[in-house]
Amino acid sequence: MKKKVLILLLCAGFLASSSLAEETLECDALSHNVRGFAESSGIGLISLSCTNKNEFLNYGVSINKDNTLSGYAYSPAIGTISFNADEICEHSPCIPSDFPSSLSNHTARIEYVSPSLAKITGFARALSACDFKDGKCTTNKAGENTGGWDGWIKFDSLDGAYNTFIKQEGLKYRIQGNAWGGDLLDQENPPSIVLGEIRFTQAETSFNPNYACPQYAPVADFKLGCRNGVIDSNEVCYFDFKKPVNLINEAYDKDDELCGLNSDIRESKWKTKFQELNSKGKENSSFIPESEPEYKEKITLLVRDLAGQKSEITKTYTMRISVLPNFSCCIGECTRSSDFRKCDDPFFKELTVKENTILYLRDDITLEDRTIQSPNEPIVSRKWTYNYIEGFSRGSVFSVPIKQGGEIALEVCGPPLICNTEIKKLNNMFGKIKKESLLDFREVPF
């Protein structure tokens, strides 16, 4: 009986494989994530990927993100073995009553067992045994010319007589164990063997078995990295003018702890008032705040895990510019605010000045170029320094003798004790700075 079944399957398998060859192209190694072989004592090797023999056919088995298996294995003896739910059953897609067992009555899929270990449950089917027509099996039972075998291949059993696993070994994910091709061991005694035990001894996948575990949705959360530290939306975020503020991703997923995953979060999407930012996994990001001294910024974070589950959170922050130091300059008569100009004004660039000429500096609200701070926030302190004068000066005014290589620095501190410094170089400010010379001093005759 077994010999008759195999002969009929060989004929049907030839037709199935011929049909597959007509519809497929050259092997695409990137389109499938299972490779290697299984082996049956009845029919020999079963190829799980066209890459095994560099074949000019594009077939292979894939483990998908939803833990289902799809695609095709191939046997020279019986042809195509399908894992596709839309073609191996009388119904399309399959329903539980299509399968010959109430245990694992579904197409093949991955189920989590423990960290680094998952099992394959359910069924695949040899298409040559099911009266395959118009892209699907027309019956759940054996086809008319297959000798009585219905083509079902089962990957797990109730009593553990056969089970198929994916196990992590080092950096590899190996497919191990055995499936069964014949009457179900837990239903028929003695079972008809047909293909019998199908052993996985040379098979691997790039699918991490821990990814079969996730069941919890991620939880989105974040904070901002501001000048005043890492803060939440109930605090003010101080930022520097035209400088980025960090978006600190604090999303989490219970599956990371329960399933031994580094991170189950697959992607993060940020949205601010004027920017949309995408990042892989649970990476941080950043954005440039508006130039307003103080405003409200609404920020949204959406995270998605490997199973496609998502979570979204929106927070509104008060954004407040930290002190931005600046000051104005004057030479000559400098008693009024209108006497002061921007220090980079072309007026200064056109001047040739002698060293030790006094340059007056001023920082107050009457000037165009001055320290910028948020409304109603005081300046806590000012500190002027000049590299040709020891020590420092405080207050809103300062004066220095002009020197070649001179650098003036104004450090301004505002609440909450955030300080910034503005530096101006005199060589860049003036067209030319002339050094004092002995020729400038002449002897007065008596």
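Residue numbers are given in the numbering used here: position 418 of the sequence shown equals residue 407, and the series is strictly consecutive.
Note that CB positions come from ideal geometry on N, CA and C, so glycine has one too.
C402 (DSSP reduced to helix, strand or coil)
strand
I'd like to check one pair, S363 with I310: are the Cβ atoms closer than 8 angstroms?
yes
Residues in the same chain with beta-carbon distance under 6 angstroms from S30, minus the five sequence neighbours each way, listed in chain order, please.
G185
Pair every Cβ in the region 233 to 244 with every Cβ in the region 288 to 301, then say whether three or more of these pairs are closer than 8 angstroms.
yes
Output the distance between the C-alpha atoms of D75 and T127, rounded to the nearest integer angstrom.
12 angstroms
Per DSSP, C226 is paired with what?
M308
With a Cβ-Cβ cutoff of 8 angstroms, do N238 and E272 count as a contact?
yes
Mapping DSSP to helix, strand and coil, what is F337?
helix
May I have the straight-line CA-CA distance separating R188 from E265, to the nearest angstrom?
50 angstroms
With a CB to CB cut of under 8 angstroms and the five nearest residues on each side skipped, what residues in its chain are close to E322?
D328
Own chain, CB closer than 6 angstroms to L313, minus 5 neighbours either side, in chain order
F230, I361
Whole alpha helix (DSSP H) elements within the region 191 to 268, 4-residue minimum
243 to 248
Here's a check: name, in chain order, each residue in its chain whose Cβ is nearer than 6 angstroms to the Cβ of P89, leaving out the five neighbours to either side.
W141
Does the separation of the CB atoms of I52 and F196 fall below 8 angstroms?
yes
Would you be able to state if there are at least three C-beta pairs under 8 angstroms between the region 275 to 295 and the region 371 to 389?
no
Bounding residues of the beta strand (DSSP E) (the contiguous stretch that carries L58):
58 to 64
Are the Cβ atoms of K156 and L92 separated by less than 8 angstroms?
no
Short CB-CB distance (under 8 angstroms) between K372 and chain B
Considering every chain present, this structure includes no chain B. It has just one protein chain.
Assigned exposure category for F121 - 16 Cβ within 10 Å defines buried
buried
Reference G159; option with closest CA among P198, N129, N22:
P198
Given this structure, state the Cα-to-Cα distance separating Y205 from E100, to the nearest angstrom.
15 angstroms
Bridge-paired residues (DSSP) for Y375:
I378, I397
Check the DSSP bridge columns for R359 and list the partner residues they point to.
Answer by DSSP bridge pairing: none, since R359 is not bridged.
Taking the alpha-carbon positions, what's the S326 to V292 distance?
54 angstroms
Drop a sphere of 10 angstroms on the beta-carbon of P179, count the other beta-carbons inside from all chains shown, and report buried for 16 or more, exposed for fewer.
Unreliable placement is indicated for P179, whose pLDDT of 42 sits below 50; no coordinate value is reported for it.
Identify the residues that DSSP records as bridge partners of F144: which are they?
Note: F144 sits in no beta bridge, so no partner.
Just reading off the alpha helix (DSSP H) that N416 is part of, what are its end residues?
415 to 418
What's the gap between the Cα of I354 and the Cα of G384?
13 angstroms
By the 10 Å Cβ neighbour count, where 16 or more other Cβ atoms means buried, how is T194 classified, buried or exposed?
buried
N- and C-terminal bounds of the beta strand (DSSP E) containing W169:
161 to 170
Proximity winner among G60, V102, Y61, D139, relative to E79 (alpha-carbon distances):
D139
Among N217, N47, L340, whose alpha-carbon lies nearest the alpha-carbon of N22?
N47
My output table needs one value for N41: the three-state DSSP class, helix, strand or coil.
helix
Just to confirm, are T190 and E28 a CB contact at a threshold of 8 angstroms?
yes
Under 8 angstroms, do G420 and T307 count as touching if we go by C-beta distance?
no
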